[in-house]
Amino acid sequence: MSAPRRVTRVLLDGLGIGECPRWHDDRLWFCNWGTNQIVAVDVEGNSEVVMDDATVSPHSIDWLPDGRLLIVPGTATCGARLLVQDADGSLTPYGHLDGLPSGFNEITVDGRGNVYVNGADFDFLAFLDRAMKDMAAGDQTPLHERPDFVPGYIALITPDGTARQVAGDIAFPNGMVVTPDNRTLIISESFTGTLTAFDIAEDGQLSNRRVFADGLGPDGICIDAEGAVWTSQGQRDCVRVAEGGKILDRVELERDPFACMLGGPDGQTLFIMAAVWNPENPFGGPRTGQVLVTEAPARHVGWP
């Protein structure tokens, strides 16, 4: 007998594409792509636009241990690749990033205040447009094997602002999590359908690269107290996967998931950012983005 369909409810709708969700100060915070906003919503659905800035166009967010917000801008017009919001609300550049490749995507701050950012130094939407046209013409070359693909990287920014690359050859890097003991980092390699794990040294360096799980469609991810990761497998589902690849739970969806996050008062509410993906105009047209919620079997741990 198949497992019963897990019930979800819509907490918030009318969004662009919700990305980089974070449970912080009793609310879910996320970037609302296509609107230049950061939005915060509580478990009752009461929402607030906490930033609306076309100059910054927030792309991804996380918090330093001292409570300051870090923002990866989605535009170069703000003059910095990573911003920190100080107590008075002002935004200033964070870290010494000149030696790093461009194209920051996701960000995760671990329990020691180390900041991990990832990215890939190419125009993703232009790349995807070319790939889709080639596929329509019969070229089925995997995305990470195309000649115009540029491998991604993970970079570390330590609390003193020093930055260095700590991993490379990532097949389009997406969501990252750090385990609660600060000893393992797991990253989504979206173009190979893989969750990849690294050991974290005391100085933040990454080593012992290995497959945590494959056969997935991973984007934004989170980890629970039983060591399982929530991510996506196909185009319209959200799955809970154990190390080794066993699927422990599944949430079927009516639109595409872009990220998920555990939170709520007990850490066992699963928030799913979903929208109808329109590759021809991903940030325009109808606002199909939603925040969906369902109960999870294990609470949130780790970072983010």
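Read in UniProt numbering, the sequence shown has 263 at position 263, and its numbers run on one by one without any break.
The beta carbon of each residue, even a glycine, is placed where N, CA and C say it ideally should be.
| query | result |
| --- | --- |
| Whose C-alpha, out of A54, T294 and V72, is nearest the C-alpha of D237? | T294 |
| Let me know the secondary structure DSSP gives M1 once reduced to three states. | Unreliable placement is indicated for M1, whose pLDDT of 37 sits below 50; the coordinate value is still reported in the next sentence. Coil. |
| Can at least three beta-carbon pairs, one atom from the stretch 248-259 and one from the stretch 44-61, be found at a separation below 8 Å? | no |
| Going by DSSP in three states, L143 sits in which element: helix, strand or coil? | helix |
| Got a sec? Which residues, its chain only, sit under 7 Å from A3 by beta carbon, not counting five neighbours each side? | Residue placement at A3 is flagged as unreliable, the pLDDT there being 49, under the threshold of 50; the coordinate-derived value follows with that caveat. Closer than 7 Å at the Cβ level, and outside the excluded window around A3, lies no residue. |
| Just verifying my parser: in three-state terms, what is the DSSP assignment at L64? | coil |
| Tell me which same chain residues have a C-beta within less than 7 Å of the C-beta of L12, skipping the five on either side of it? | V41, G45, S47, Q290 and V291 |
| Nearest to L128 by CA position, among N114, G138, D139 and L143, is which residue? | L143 |
| What does DSSP give as the partner residues of T108 in its beta bridges? | Y116 |
| Could you give the distance in angstroms between the alpha-carbon of H300 and the alpha-carbon of V166? | 26 Å |
| How would you write the range of the alpha helix (DSSP H) that A131 sits in, first residue to last? | F124 to A136 |
| Spatial neighbours of G284 within its chain, please: C-beta separation below 6 Å, excluding the five flanking residues on both sides. | none |
| Out of P173, V10, G14 and T8, point me to the one whose CA is closest to P286's CA. | G14 |
| Strictly by DSSP, which residues pair up with E19? | C31 |
| Looking at D110: is its Cβ nearer than 8 Å to the Cβ of W303? | yes |
| In terms of residues, what are the limits of the beta strand (DSSP E) holding Y94? | From DSSP, Y94 is part of no beta strand (DSSP E); its letter is neither H nor E. |
| Assign M1 to one of two classes, buried (16 or more other C-beta atoms within 10 Å of its C-beta) or exposed (fewer than that). | For M1, the pLDDT reaches just 37, beneath the cut-off of 50, and the residue's location in the model is therefore unreliable, although a value from the coordinates is still provided. The residue is exposed, with fewer than 16 neighbouring Cβ atoms inside 10 Å. |
| Provide the residue(s) that pair with D203 in DSSP beta bridges, ordered along the chain. | Its beta-bridge partners do not exist; DSSP assigns none. |
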